[in-house]
Every structure is written in structure tokens, then in C-alpha cells.
Amino acid sequence: MFDYGDRTGYEPISDTDRKEFHEQGFLLLRNVLTEDHRAALEAAVDRVYAEEQAKGTTKKDGTLHLLGFLERDELFGELLTHPIAFPYMWGLAGWNIYTHHNHLDVTPPAAEPEKPYWGWHQDGYRQNSDPETMDPNLPRPMFSLKVAYVLSDLSETGRGATKVIPGSHLKNSLPRPADLSVQNPDPEGTVEITANPGDAFIFDRRQWHSRSTNLSTITRKMLFVGYTYRWIRPLDELHPDVNGEWYRNRTPVQRQLIGEGTHTANYWGINWDGYVDDEIPLRKELKERGLLDRNIPWLR
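Residue numbering for the sequence shown is 28 to 327, as defined by the working numbering.
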């Protein structure tokens, strides 16, 4: 449908990108979406936004944070295996993955100055407590990562872009101001991810990050698709109609990515005999292409 040349979604990422991601906790990728693809996605977002507005589910200020949006359009389902972004998902997390959490965000310009808030956090909720050790110097496991597709112009600061602290994914805590009733400065090292329409960025769920206020005249439009291991429960609920067109159009790998599996052990990457299940669609695809790598634990 959209021209990405000979890109298939199964081109290995570079050692340089992997190293930067592991050190910084995020990667900014330029020109991930072709302009016609970006425009089509924006039109789909506008349609969904209008539908949610009609249902009264947008906030009073017009913002929309819609979870589990993938089934709302064919184009959203295709993002699961985007030919440029998808290699970073399996390249950084492996073949036993699926999407557990995805959200569509529309943030109109702020009508008035926002009250003081402290939005810095790591994703994962109890994943930040349940597996933690008593050693504060031992980073928590990554568990998941997200790709964020930029549909609007975030090339300048002040347009509601995500803020991150590069390298903070290796720190289990972030000092919190004592007085949250006043506006506090951002932590040292904060970077606001400025990006052009069609860019994308990928971030480790442990990355300390925060939303920001849209002080511009441009409405921020973003699509976030999160990937985690299939043995972790979903955060968002997907209810695909297995008899519907959207589901019929999904490839075997995309069906794995929306949570399909053959039995409970399959989600752990094995058959009941305890051996690796080579029929898991993404593993099968990578194996046939010679992309499994015993030197990379998650690609064994």
C-alpha cells in the first residue's frame, strides 16, 4: 500500500543502534513513515477522534488518550509489523513478544496555563516493585518497550512532546520534589524529544519520562505501540472479531502480536515437551531468514 522500497521488517538492526538504546534508553528514528502513510494515519486518527468526541469520551480540554486502539482501523493493525520500526522490536526484545499496551493520543493546544504537576514516571506499574531486588544499584528488567509514531509537527519544544532523561532507565529511582504545589524544574539532563511528522522514537519502559504541556497552536497527534513478552499479561484489552475483516487481514506474525497462541505453554515459547516451539510465527519467520542468533539471548 505504501512504498518502503525493499524493506520487509526483517532487516537486523545495527550494533550501533543496539548499543545506543542500551546506553540511553531510547532511540529517535527519522523518516520512519512515508508522507502518504503518515497522512493516511493522521486521517484515521482524526476519524477516531471525532467518533470519541461524539461519544463524549474526550476530556473537557479536548485531549484523548485512547487505549487499545489497534482494531479501530486497518492501518493501525499494519503498524504491528511496520517495515522500519518492527526490526527494533524483535531486535531488542526477541521473538516471543506481543503488544500488551497501545494508545492513541491527541493533545490540542492548552487553553490556559497548566497547574503545577509532576509527571515523571517509569512504565510498568508493579513491574517496578514485584521483581525488584534490595540492591538499589541493580537496574530492574526492561520487560517491555514502545514505539511512538509522530504524526504532527513536534520539531520545536513546547508542543506537548514527551520528555526523557537519557540513561535514566538504569536508575530505579528519581528524586521527587518535596512541594508539588509549585512548578518544579525538570530533572537535570531532561531532553524534550523534538521530531518531525513521520519520525518515530523507541523507548525502554524503564526510561524516566514525562508528558509536557502543549503551549503551541498545533494539535499533537501520536500513536504508541508497546511490545512485551508473551508470558506477561496484557494491560489493554483487545477484542478482535475473529470473523471480521480486520482479523482476517492479519498475518500469522501479526496474530501472534495481538495475543494469539496455541496453548498456555506456547506463551512461554515452548511446547508441552519442554522444547522450544519453532512454529511460533515470529520465531519461525526469523529462523527461516537465518536471523536467530545464539549470541543474543532473546534471539536464541
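C-beta atoms are modelled at their ideal positions from N, C-alpha and C, and glycine is treated no differently.
Here the structure is a predicted model, which is why all the values come from computation and not from measurement.
Residue interval of the beta strand (DSSP E) (run including residue i)
i      : result
THR255 : 247-256
ASP132 : 124-134
HIS109 : Careful: HIS109 lies outside any beta strand (DSSP E) and carries neither H nor E.
ASP44  : It is not in any beta strand (DSSP E) - ASP44 instead sits in the alpha helix (DSSP H) that spans 42-51.
LEU93  : 91-94
ALA227 : 227-231
Presumed contact (8 Å Cβ cut-off) between residue i and residue j, rounded CB distance
i      : j      : result
ASP263 : LEU106 : ASP263 to LEU106, Cβ: 15 Å. No contact.
GLY296 : ILE307 : 7 Å
GLY36  : PHE96  : Contact flag wrong, Cβ pair sits at about 21 Å.
PRO39  : GLY118 : 6 Å
VAL174 : ALA227 : 6 Å
Burial state of residue i (16 or more Cβ within 10 Å)
i      : result
LEU242 : exposed
THR289 : exposed
SER171 : buried
GLY271 : exposed
LEU207 : exposed
ALA120 : buried
HIS49  : exposed
VAL269 : exposed
ILE229 : buried
Opening and closing residue of the alpha helix (DSSP H) in which residue i lies
i      : result
ALA77  : 62-82
LEU313 : 308-315
TRP273 : 272-275
LEU284 : 279-284
Report yes or no: do the segment 43-56 and the segment 199-212 share at least 3 C-beta pairs separated by less than 8 Å?
-> no
Cβ contact check for the segment 132-144 and the segment 54-70: 3 or more pairs under 8 Å | no
Which runs of the beta strand (DSSP E), 3 residues or longer, sit entirely within the segment 149-184?
-> 171-177
Spell out a yes or no on whether the segment 251-266 and the segment 120-136 are touching, meaning 3 or more CB-CB pairs, one atom from each, closer than 8 Å.
-> yes
Segment contact flag, the segment 179-189 with the segment 144-159, C-beta cutoff 8 Å, min 3 pairs = no
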